[in-house]
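Residue 1 is where the sequence shown starts when you use the UniProt record's numbering, and the numbers rise one by one after that.
What follows is a short report on a single structure.
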Amino acid sequence: MSHVVCWEELTRTLAEDAEGSSPRTFTLFPKLPKELRVRIWFYALPDPADVRLEPDPRSWRFKRESIDGNVDKNLFAIVGTWKNIFKEMPYQIAPPITLRINRESRQETLKHYALFFHQDVPGLLHNPALKALPKRPFFFSPSRDTIFVPVVGFEDDDCDLPGWLTHLLNIKPAWAEKFRTMKFTGMECDETLIRDFKDCVEHSLAQDSRSSILGSLLRLPRLTRIEIVFEPSNVDEAHANTCRQEFGVLLLNFFSKYRRHFLGGHIPTIDLQSIIPEKAEDESSE
1 MSHVVCWEEL TRTLAEDAEG SSPRTFTLFP KLPKELRVRI WFYALPDPAD
51 VRLEPDPRSW RFKRESIDGN VDKNLFAIVG TWKNIFKEMP YQIAPPITLR
101 INRESRQETL KHYALFFHQD VPGLLHNPAL KALPKRPFFF SPSRDTIFVP
151 VVGFEDDDCD LPGWLTHLLN IKPAWAEKFR TMKFTGMECD ETLIRDFKDC
201 VEHSLAQDSR SSILGSLLRL PRLTRIEIVF EPSNVDEAHA NTCRQEFGVL
251 LLNFFSKYRR HFLGGHIPTI DLQSIIPEKA EDESSE
């Protein structure tokens, strides 16, 4: 038999219990209707944030020794870091407090957030710096946060390389339907980028690879928006704008060919942006 709680009675009871007590001694929260508790846990979640999915340069880069034994001053990225990207991440945001209140708050939080822990990756290049890294969990909300993804280019190796998204969806397949907004950064638009992107699209169409950079995006049926932030270009601004527009059209055409992968056939909106370089200060004006 269901029990109907009068709102006035509930409010009066809560007020009497809270009177003269601190929030730490409030004991009637578990007696609230579950629907109300769930909404309270939801509003207690962190605000939507910008989450950068990229390795920490201090941990993912190493010094390469030349043939004569001297240490090269340049830093070279470890090959295959995208596959192992969740080994260690930069932690820019504190974990939601609702993960540590009680069982119900944790369960409700994990409905919105993906949580990953440090894991050793067999076969990774031996680097003493990796052994001293913190092992805090990394978390983000695919449906609430904007996911920043650095993409340098679309050369053959980059195009074929399984992306971080493939690694994530292999662990949490259900998260595929939660992604809403993604932002790609790090690309400089020029003729090389356009040529490599066209080759990558043709390769994806021929191989129907869903583990590549482009193919992994087709696994997100509810993705609604992709923001692309281009780095400052070495060419003049008119040519750079033409290049960016062409890239946007190519990406739009790619999604249109695979429209069936998106819910209701609605492909993501593409927003093209560019970083405006800061003007160098005139050294002569002092």
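No residue lacks a Cβ here, since even glycine has one placed at the ideal position from N, Cα and C.
task: Return helix, strand or coil for S274, following the three-state DSSP convention.
output: strand
- prompt: Can you tell which of S143, I101, R103 and F230 has its C-alpha closest to the C-alpha of Y113?
  reply: S143
field: Sequence-distant residues of its chain with Cβ nearer than 6 Å to I228 (five each side left out)
entry: F184 and L272
field: Cβ-Cβ distance between E224 and R180 below 8 Å
entry: The question names Glu, yet the displayed sequence has Thr at residue 224. Yes, the pair counts as a contact, with Cβ atoms nearer than the cut-off.
message: Starting from K34, trace the alpha helix (DSSP H) in both directions and tell me its first and last residue.
response: K34 to Y43
- prompt: Which residue from R37, I147, T269 and Q107 puts its Cα closest to that of A49?
  reply: I147
Selected residue, minimal CA-CA separation from L218, among K111, C189, D196 and I267: I267
message: Given the structure, does E237 come close to the ligand SAM, in the sense that its CB is under 7 Å from one of the ligand's heavy atoms?
response: This structure lacks the ligand SAM, and indeed carries no ligand of any kind.
query: Around the C-beta of S141, are 16 or more other C-beta atoms found within 10 angstroms, so that it is buried, or is it exposed?
result: buried
message: So, at 6 Å on beta carbons, what are the nonlocal neighbours of D269 in its own chain, with the 5 sequence-adjacent residues on each side left out?
response: For the sequence presented, residue 269 should be read as Thr rather than Asp. The residues are R225.
- request: To the nearest angstrom, report how far apart H203 and P221 are at their CA atoms.
  value: 22 Å
query: Taking the alpha-carbon positions, what's the I213 to Y43 distance?
result: 34 Å
Three-state class that DSSP yields for I267 in the structure shown: coil
query: Roughly how many angstroms separate the alpha carbons of E108 and L28, rounded to a whole number?
result: 19 Å
- prompt: Straight-line CA distance for F62 to L32?
  reply: Any reading at F62 needs caution, since the residue's pLDDT is 36, under 50, leaving its predicted position unreliable; the model's value is listed next. C-alpha separation (whole angstroms): 54 Å.
- request: Go to T224, then tell me how far its beta strand (DSSP E) extends in each direction, as first and last residue.
  value: Premise fails: T224 is in no beta strand (DSSP E) and is neither H nor E.
field: Helix, strand or coil at I147 [DSSP, three-state]
entry: strand
- request: Measure from the alpha carbon of I40 to the alpha carbon of each residue in A94, I101 and D236, then state which is nearest.
  value: I101
Cβ neighbours of E231 in the same chain (closer than 7 Å, five flanking residues each side left out): G186, M187, E188 and I275
message: Quick check on DSSP: helix, strand or coil for residue 297?
response: Given a span of 1 to 286 for the chain in the structure shown, any question on residue 297 remains unanswerable.
task: On the DSSP bridge assignment, give the partners of A114 in chain order.
output: F140
query: Buried or exposed: where does R244 fall if 16 or more other Cβ atoms within 10 Å of its Cβ makes it buried?
result: buried
- prompt: The alpha helix (DSSP H) with H239 in it runs from where to where?
  reply: E237 to K257
field: Euclidean distance between Cα positions of S105 and P95
entry: 13 Å
- request: Give the DSSP-derived three-state secondary structure of residue 310 in the structure shown.
  value: Residue 310 lies beyond the residue range present for the chain, which begins at 1 and ends at 286; the question has no answer from this structure.
query: In its own chain, which residues sit with a C-beta less than 7 Å from the C-beta of L45, not counting the 5 before and 5 after it?
result: P96, T98, T109 and H112
message: Can you tell me whether T109 is helix, strand or coil according to DSSP?
response: helix
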